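Participant: If you want the working numbering, it's the position in the sequence shown, counting the first as 1, plus 189.
We treat Cβ as the ideally placed atom computed from N, Cα and C, and that holds for glycine.
Computed from a predicted structure; not experimentally measured.
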Amino acid sequence: MLRNIRIGIRPSRLSFKQFEEIQGKLNGVSLIPVLIETSGDRDKMTPLEGVTAQDFFTDAIERALLKKRIDAAIHSAKDIDSGGDARLMIAAITASINPYDCLVSREGAALDALPLGARIGTSSLARKEGILKYRKDLTVGDIRGNVDNRLQQLDHGAFDAIIVAEAALIRLGLESRISWRIPEKIIQPHPLQGRLAIQVRKERRDLKKVFEGLHEH
Numbered sequence: 190m191l192r193n194i195r196i197g198i199r200p201s202r203l204s205f206k207q208f209e210e211i212q213g214k215l216n217g218v219s220l221i222p223v224l225i226e227t228s229g230d231r232d233k234m235t236p237l238e239g240v241t242a243q244d245f246f247t248d249a250i251e252r253a254l255l256k257k258r259i260d261a262a263i264h265s266a267k268d269i270d271s272g273g274d275a276r277l278m279i280a281a282i283t284a285s286i287n288p289y290d291c292l293v294s295r296e297g298a299a300l301d302a303l304p305l306g307a308r309i310g311t312s313s314l315a316r317k318e319g320i321l322k323y324r325k326d327l328t329v330g331d332i333r334g335n336v337d338n339r340l341q342q343l344d345h346g347a348f349d350a351i352i353v354a355e356a357a358l359i360r361l362g363l364e365s366r367i368s369w370r371i372p373e374k375i376i377q378p379h380p381l382q383g384r385l386a387i388q389v390r391k392e393r394r395d396l397k398k399v400f401e402g403l404h405e406h
C-alpha cells in the first residue's frame, strides 16, 4: 500500500479541512500536505470576472505536480480547468457535501430583510447578476480572500452581507453563520460546488487506484 503521498493544497484553513476530509476517507494511506500559493492566493485585488486564466486557483499546484514536487493535488472541483495540461488527470471527484450558495449577513437577515441599498460582497459574476436581478436596489461589490478573510470584512463593516458556498462554511464548522440558503431560482450554483477533485500525473496509475474509490458514481 502506498504511504506518505505528498498532496498539494492551497494555504488556507478551508484547504486543510478539505485535505483532512480526503485523508479521513483513505485507510492505510498517509497523506502529507504541501502548502502552495496559487495566483488566486497572491492576487487578492483583481475581480474574478476580470480574470481570464482558467487555472487562477490551481496554476502553481499543477506546476509542482508536473515537476514532481508533489504526488497529487486536492482542488475545489469547480476550480479545475477542463482544458488543462494533458499530462495531468483527475483521479476522482467526490460527492458534494452541499451544492448551494448562502447569504451571511451581519444581523442574520435573509435577502428580503436587508435594508434598501444594502452592500453585498461576492467575487462571482453569476452571483452578482442573480442578486441584482432579484433586488435591483442592492449594491454589489467585489470581495476577495479566503472564507475567513471574507467573514472578517463582513464583521468589520465593509459589507452588510456576503455570498459564499454553503459547503465552505460546513467544512469550517461555521454553519451558525449561515443566514439564508439562496434558492436556485435566484442564483444557480456551480454544478461542481461542494465537490473535491483529486489530480495526479497521468503516468501514476498506482495513485489513480488509491483515489478512485472516492469518486462519486
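(1) Applying the 10 Å Cβ sphere with the 16-neighbour rule, what's the burial state of His264?
(2) Cα separation between Leu277 and Glu392?
(3) What's the call for Ile198, buried or exposed, on a 16-neighbour Cβ count within 10 Å?
(4) Extract the residue ranges of the beta strand (DSSP E) inside the stretch 205–263, only unbroken runs of 3 or more that lie entirely within it.
(5) How would you call Thr328, buried or exposed, if buried means at least 16 neighbouring beta carbons within 10 angstroms?
(6) At the level of alpha carbons, what is the spacing between Leu224 and Ala302?
(7) Span of the beta strand (DSSP E) holding Leu292?
(8) Pick helix, strand or coil for Leu396, following the three-state DSSP scheme.
(9) Is the beta carbon of Glu401 sitting closer than 9 angstroms to the one on Gly383?
Facilitator: To lay it out plainly:
(1) The residue is buried, with at least 16 neighbouring Cβ atoms inside 10 Å.
(2) When rounded, the separation of the alpha-carbon atoms in Leu277 and Glu392 is 9 angstroms.
(3) By the neighbour-count criterion, in which a residue is buried when 16 or more other Cβ atoms sit within 10 angstroms of its Cβ, Ile198 is buried.
(4) If you keep only unbroken beta strand (DSSP E) runs of at least 3 residues inside the stretch 205–263, you get 220–224.
(5) Counting Cβ neighbours within 10 Å, Thr328 comes out exposed, since fewer than 16 surround it.
(6) Going from the Cα of Leu224 to the Cα of Ala302 covers about 40 angstroms.
(7) For Leu292, the enclosing beta strand (DSSP E) covers residues Asp290 to Ser294.
(8) Here Leu396 sits in helix by DSSP.
(9) Cβ atoms of Glu401 and Gly383: not closer than 9 angstroms.
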